[in-house]
Structures are given as C-alpha cells and as structure tokens.
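Only one structure is covered here, and it is reproduced in the block below.
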Amino acid sequence: MQNRTIVIDPVTRIEGHAKITIDIDKSDKVKDAKIHVTQYRGFEKFCEGRMYTEMPALTARTCGICPVSHVISATKAIDEILGVTPPKAGTNIRKIVNLAQLLQSHTLNFYHLSSPDFIYGFDAPKEDRNIFKMMQTHPEMARDGINLRAFGQKIIEDLAGKRIHPTGIIPGGAAHKIDESTKEAILEQIPAMLKIAQSALEFFRDNLHKFQEEIDYLGAFPSLFMALTNKEGTLEHYDGKLCFMDSEGNILKDRIEPRDYKEFIGETVEEDSYLKSPYYKPLGYPQGMYRVGALARLNIAKTCGTPLADKELKKFKALGAGKPVLNTFYYHYARLIEMVYALEKIEELLKSDETMSANVRSTSTVSYDKGVGCSEAPRGTLFHEYHVTKDGIITAVNLIIATGNNNLAMNAGVKQVAQKFVDTKNITDGALNRVEAVIRCFDPCLSCSTHALGIVSSKIEIRDHNKKIIRVIERS
Amino acid sequence: MKKIRLGTIWLDGCSGCHMSFLDMDERLIEIAEYVDVVYSPYVDMKEFPESVDLTIVEGALSTDHDLRIIKKIRENSKLILALGDCAITGNVSAMKNLYGSEAVLQRGYFELADLNQKYPSKVVPTLLESVIPLHEAVKVDYFLPGCPTPADAIYEMLKSLIEGTEIKIHELTRFGK
Numbered sequence: 001m002q003n004r005t006i007v008i009d010p011v012t013r014i015e016g017h018a019k020i021t022i023d024i025d026k027s028d029k030v031k032d033a034k035i036h037v038t039q040y041r042g043f044e045k046f047c048e049g050r051m052y053t054e055m056p057a058l059t060a061r062t063c064g065i066c067p068v069s070h071v072i073s074a075t076k077a078i079d080e081i082l083g084v085t086p087p088k089a090g091t092n093i094r095k096i097v098n099l100a101q102l103l104q105s106h107t108l109n110f111y112h113l114s115s116p117d118f119i120y121g122f123d124a125p126k127e128d129r130n131i132f133k134m135m136q137t138h139p140e141m142a143r144d145g146i147n148l149r150a151f152g153q154k155i156i157e158d159l160a161g162k163r164i165h166p167t168g169i170i171p172g173g174a175a176h177k178i179d180e181s182t183k184e185a186i187l188e189q190i191p192a193m194l195k196i197a198q199s200a201l202e203f204f205r206d207n208l209h210k211f212q213e214e215i216d217y218l219g220a221f222p223s224l225f226m227a228l229t230n231k232e233g234t235l236e237h238y239d240g241k242l243c244f245m246d247s248e249g250n251i252l253k254d255r256i257e258p259r260d261y262k263e264f265i266g267e268t269v270e271e272d273s274y275l276k277s278p279y280y281k282p283l284g285y286p287q288g289m290y291r292v293g294a295l296a297r298l299n300i301a302k303t304c305g306t307p308l309a310d311k312e313l314k315k316f317k318a319l320g321a322g323k324p325v326l327n328t329f330y331y332h333y334a335r336l337i338e339m340v341y342a343l344e345k346i347e348e349l350l351k352s353d354e355t356m357s358a359n360v361r362s363t364s365t366v367s368y369d370k371g372v373g374c375s376e377a378p379r380g381t382l383f384h385e386y387h388v389t390k391d392g393i394i395t396a397v398n399l400i401i402a403t404g405n406n407n408l409a410m411n412a413g414v415k416q417v418a419q420k421f422v423d424t425k426n427i428t429d430g431a432l433n434r435v436e437a438v439i440r441c442f443d444p445c446l447s448c449s450t451h452a453l454g455i456v457s458s459k460i461e462i463r464d465h466n467k468k469i470i471r472v473i474e475r476s
Numbered sequence: 001m002k003k004i005r006l007g008t009i010w011l012d013g014c015s016g017c018h019m020s021f022l023d024m025d026e027r028l029i030e031i032a033e034y035v036d037v038v039y040s041p042y043v044d045m046k047e048f049p050e051s052v053d054l055t056i057v058e059g060a061l062s063t064d065h066d067l068r069i070i071k072k073i074r075e076n077s078k079l080i081l082a083l084g085d086c087a088i089t090g091n092v093s094a095m096k097n098l099y100g101s102e103a104v105l106q107r108g109y110f111e112l113a114d115l116n117q118k119y120p121s122k123v124v125p126t127l128l129e130s131v132i133p134l135h136e137a138v139k140v141d142y143f144l145p146g147c148p149t150p151a152d153a154i155y156e157m158l159k160s161l162i163e164g165t166e167i168k169i170h171e172l173t174r175f176g177k
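Chains A and B are the protein sequences, given in the same order. Under this note's numbering, the residues of the first sequence are numbered 1 to 476, in order. Under this note's numbering, the residues of the second sequence are numbered 1 to 177, in order.
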C-alpha cells in the first residue's frame, strides 16, 4: 500500500472553518493527523492607523459568536491606555455581559452542535446528527437549548445594546446603567434557566457511561493548563492574573500580570495552517503545549464561589482524584458547570446595589502609549495589545485568540482519536465523526482567527514522495 | 407541501450573521417545518448538494477556495441570498485590501511570530490579492444588509419566500441596525 491521506473537509458543527488530514503510512497505520485552519483575516494589520475609539467595534467583528470577549479585551486594553479605572457599576455590567455571552456560547456548543452525538450516538446517520433533527425527535430539549441561548443573548441586548457586536461596553466602563425593570425581568427568569442548565448536566451525567471509549481517547493526554484566576483561587472570567498549571496539578507560574504575557507565551507558525500555535515559553515548543477554556479554568480554580456550581465542581474534581482532569471529552462537563455558575453569578451581580448605580463610566484621554486587555472568553484566555500615538492613532496590534492557545492540544487530540478509531481498511463515517468530535470538545472559535470551507467531500488523496497528488478517491 | 431545500454557508466573515440566524430563537422551530437544511455549518453534510432552492451566503470572498465554492453554489442553487454587509460590500473583511495580502501575512507570520517565521502555504488555500463581495463573482438574487443582518429581517425574508409573498427589504434593515 502507498502512503495515503484522508481529508475531512469541512469540519462541521464547529464554530468556524477547518479541515482535518489523517496521514496513513505504507503499513496501513495512522501515522499522523492534523487540523488545518484555512483562512486568514488580518486584523493585526488593518487596525493600524485607526483611532483607538474604533477598536471595540472593529475587533468585535473578529467574531459573531464571542464578540463580547473582543469588546471586553479591547475596552480593557484602552482603559490601560487612558489610565482609567471603570466605576464598580461599569465593571459589573461588563462582567454580567461577559457571563451572558459565556452562557449563550456554551449553550450553543452543547445543544446546537454537540448534543446530537450524545442523543443519537457517534455512529448515527449523518443526516440525523443536527439540531433540526432534534427539533423533531427531542423537541423539549431543542427548545430548552434555544431558550437558554436566547436568555444569554437577550441580557447582552438589554445591557449592551445589541445581541451581536454590542456597542454598550465602552472604554472607561459601560454606556448606560441597568434599568430596574430590566433587572427584575432577568432575575425573574433565572430559576427557570437554572432548571434547564441543571437538566442538561443531569442528561450529560446520566449518559456518560455510554461514552467510556470517547472519554478515554478523545484527547486524553498530559498538558499544561492556563487560565485567569484571582487571589483566592476562585473561578474568574473578567479580572485576575494568569496562572499556568502542569498536568500533575503543580503551579508552574502564578499571578502573572496579563500585560507581561509575552514573557511566557511564544507563538510559532505552522506551514499548513493559518492558525499559529502558542506555547509556554519556559518549556519551549512543542513541550510547552497547554490547554485553555472551561477544562483549564476548572482544573485551576479551587472553587467556583457559587453554591450549585461548587456542588458540581466537587464531582468534576473527583474525576481527577486530586490531579487535573486530563480528558478533553470533559470539556463538555466543565462547560455545563460554567453554565450553572454563569446563571448564579449573574443573579448575584444583579442583586448588588453597586451594580445598579448610575455611575457607570470614567473618562480620560490618552495617557500611555500601550495597553493590554485580557479576559476569559468562553473558549479560553484572550489577549488584545494595542500601541498608540499621543493622538490615539493605533500603530501596532497583537491578538492572541482564545482558540489559538489550544492549537497544539487540538492537534494532539486529533492524532490520538484518529489512531484509536480510524480503521484504515474500513473507513466509517462514525470514526470520522469522532475525529471531528474531538475538535468539538475544544469548542474552537475559528471565526475569530480565520475562516474557510471546502467544496469537496471527504476523500483520500494518494500522493507521491514529493507530496504531489497522484490519485484521489472520493468517499461517498 | 414540498419543503424548501435550504443551504447556508459562511465565507470570509465573522459568523455573526449565522448567529443572527439562530437569534430567530423559537421562530427557528417554525421555520424548520418548512425547510430542509441540506448544507450548513450546523449539519454534517460535507458536499454541496446538487439542487438547492435557496443558499444563504455570509461573508466576502477572500481565497481561491471561496471563489471555487461560490461558483459551485451558483450552479447548484436556484436562489442566492447575500446575507450581511461582508457578503454585500466586503465590509470589515475587505479592510485588509487597504494593505494587501502580502502585508497582512508579513505582519501575522513574521513580525508577530517567535518561531518558524514563514507563510503558511501547504494544504491551506491562497489568499486573493483583494477581498471581494459576492456579486463581483456571481449573480446574486437577494441582498439582506446589516452587521449582522437582524434576526427579524432573516425571519421575514424566509417567511416571504416560504409563503411566496413579496418582501420589502428596505423596511427590515437600516444602516447601523
């Protein structure tokens, strides 16, 4: 047999565009597998020359799924440039909007994208594995997902002006205070939404026993973890400092100021992907592979700081028996816990009198020539760094997108799952679906850094030693 | 009643218009009764099907791959709807035209990389020198603007296509909405 490459193109039910190649050697063994992100948008260049005031609105357009994260990191970077601290109410409004986005994004991954695999099984016909089929066979569950996501989106709309690319989070704080009636309307719905989130958790836990092989092979390996955390070690999505933990649970470096991120994070270029691979500099590339996002956050956090989420966090931590949870499949579990946390925390913040103050914004002028903004996006730590002239013209931009942090780990996961499930003599749709599912565990937001799509179906390309294609076999 | 065969795709955009599609919320369930989603990031079909009644396209064209797929979509679709400002004008996606592909690649993969500085060139598609809107490459039947297009506008558009009634797009979208 010759060397062959299986191409999954495009990867579906993820947020963004990518393809996967699986290399098979002459002895019919899966030698390697990789995810390729296939488009490049160039924000780091074309933002040059714009006014700093444009950056929240511009960088929101990096992503329609997590625009709030970009707006938050952008405004935090500009806060630094202005040398300004938002009033407590402004900060709390940002926190609520950030959590509302976390809620809608996690809901989207669980209900709309991933749950068809849990309901119908990874080997179900591909025509059935989607939210539209769920509307027919599991209408209550589909409706729950739609309602929970809508709840998060509505909070963003009410507090920040617009569901997608909101305009109400601005340098210095927030554009307007929260109305009493808005607050009451949100609080009123929290119990029903908590019920939905908890039933999703229950459904997931009740079905876990069916997926032991996936738990063991969809990206189960040692890696470092990175997340923001605060002084007390509780879960943090807005403030806090960076923490790196190793796979044994040892803290490698804690309390890193986000503005010093470049001392600890390096980026390397992959020749076959537009997505760069960040690594932990002290360990170098590729040994410095780390994971970010819900799994990393819950491994690093000692507690969530809210009662229902903490109850569930204990069960989650037990999976690692005192060490970090290393199974990528449990990203789903971690996201479900964060959904409960987000609802509890939104309620807590809304009930605080400080949040309801009319003093929501501080003002200033350009005071520093550089600012770094950092926050936890749904899928991990996000960095925006801007340099400006004294007139506020942007001269340089660097972005490290949450999903990019997971690039090395996504590749490690794709390789592991392909080596376990892909029988090179009998390539099944279910096996290839599992290869895609490991990507879904990470919930990558490729829209952020890139995009593209393919028109070809999955196919096998046979290449010669110069990698030139000599034959293509289409998979029906 | 025969269901409408619907395709959705996003090219060079931010997926915000696809999110707005989901922002129809419970109306999605109503729409799903009248359409079969035969190709979309939300379903697992890998190949663009032969005959599609309507394809909703988000995003501008920025790679050689985008150009190939939009031509295939045109051949296989009765109607194409350009969804959102990137598909219609290039919008933020086309801002890289101010500098050109070479300069944006130089920035990302040389100036802002610590290791292995090089242009990604294997497996990935090639960037076009200019990002262009859909109608520069193919005939477009409907334009539904917005950044993103409001969910209400997407709903009214789909409803009128299902019911076969005329749609007044200018009443559904406004600049900045």
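Here a beta-carbon is modelled for each residue, glycine too, at the ideal position from N, C-alpha and C. The structure presented is a predicted model; accordingly, all values stated were derived computationally and were not measured.
Return the CA-CA distance between residue i and residue j, expressed in angstroms with no decimal places.
i	j	result
S105/A	Q2/A	43 Å
F43/A	A137/B	24 Å
G7/B	C63/A	21 Å
E171/B	A103/B	40 Å
G380/A	K2/B	44 Å
Y261/A	G288/A	14 Å
P125/B	L275/A	13 Å
I96/A	P278/A	29 Å
V52/B	K118/B	40 Å
A197/A	Q212/A	23 Å
Y290/A	M245/A	9 Å
P148/B	I9/B	15 Å
G146/B	F421/A	43 Å
A82/B	L161/B	15 Å
H18/B	V269/A	29 Å
L102/A	E338/A	8 Å
V414/A	I6/A	13 Å
V131/B	G90/B	7 Å
K425/A	D28/A	7 Å
Are the beta-carbon atoms of residue i and residue j separated by less than 8 Å?
i	j	result
R434/A	E214/A	yes
A74/A	H387/A	no
S179/B	P150/B	Since the first residue of chain B shown is 1 and the last is 177, residue 179/B is not available in this structure.
L112/B	N411/A	no
L127/B	A60/B	no
T328/A	F442/A	yes
I8/A	L432/A	yes
S362/A	T12/A	no
Y120/A	G392/A	no
N406/A	G320/A	no
L349/A	C304/A	no
Using the beta-carbon count (16 or more within 10 Å), is residue i buried or exposed?
i	result
L453/A	In this predicted model, L453/A has a pLDDT of only 28, less than 50, meaning its place in the structure is not dependable; the value taken from the coordinates is given anyway. When all chains shown are included, L453/A counts as buried.
L148/A	buried
V456/A	With a pLDDT of only 31 at V456/A, under 50, the local geometry of the prediction cannot be trusted, and the value read off the model is given with reservation. Buried, since its Cβ has 16 or more Cβ neighbours within 10 Å.
D158/A	buried
A368/A	A quick correction: the sequence has Tyr, not Ala, at residue 368/A. By the neighbour-count rule (16 or more Cβ atoms within 10 Å), Y368/A is not buried but exposed.
R255/A	exposed
G83/A	exposed
Who are the neighbours of residue i on chain B, taking C-beta pairs under 8 Å?
i	result
S273/A	P120, V123 and V124
List, in order along the chain, the chain A residues whose C-beta lies closer than 9 Å to that of residue i?
i	result
V43/B	T12, R13, K126, E127, R129, N130, I131, F132 and K133
Closer than 8 Å by beta-carbon distance: list the chain A residues that pair up with residue i, in chain order.
i	result
P148/B	G64, I164 and H165
S93/B	R41
Comparing the CB of residue i with every heavy atom of the ligand NAP, is any distance shorter than 7 Å?
i	result
K34/A	You won't find the ligand NAP in this model; it holds no ligand whatsoever.
Give me the chain B residues within the contact set of residue i, using Cβ-Cβ distance strictly less than 9 Å, ordered along the chain.
i	result
Q39/A	L11, D12, S62, T63, H65, D66, V124, P125 and L127
D9/A	K46
L58/A	V92 and M95
List, in chain order, every chain A residue whose beta-carbon is nearer than 7 Å to that of residue i.
i	result
A153/B	The premise fails here: A153/B is roughly 13 Å from chain A at the closest Cβ pair, so nothing lies under 7 Å.
A103/B	K45
M19/B	G64, I65 and I164
L34/B	The residue asked about is misnamed: residue 34/B is Tyr in this sequence, not Leu. Within 7 Å Cβ-Cβ: nothing; Y34/B doesn't reach chain A, min ~12 Å.
V37/B	F132
D114/B	G266, E267 and T268
If the cut is a Cβ gap below 7 Å, which residues of chain B does residue i touch?
i	result
A150/A	D25
Q2/A	By Cβ distance, chain B contributes nothing, its closest Cβ being about 19 Å from Q2/A, past 7 Å.
T21/A	V123
Taking 8 Å as the cut-off, does the region 34-54 of chain B touch the region 178-193 of chain A (at least 3 CB pairs, one atom from each stretch)?
no
Between the region 371-379 of chain A and the region 66-80 of chain A, do three or more beta carbon pairs fall short of 8 Å?
Enough Cβ pairs lie closer than 8 Å, so yes.
Using 8 Å as the Cβ pair cut-off and three pairs as the minimum, do the region 134-144 of chain A and the region 23-33 of chain B touch?
Touching, yes.
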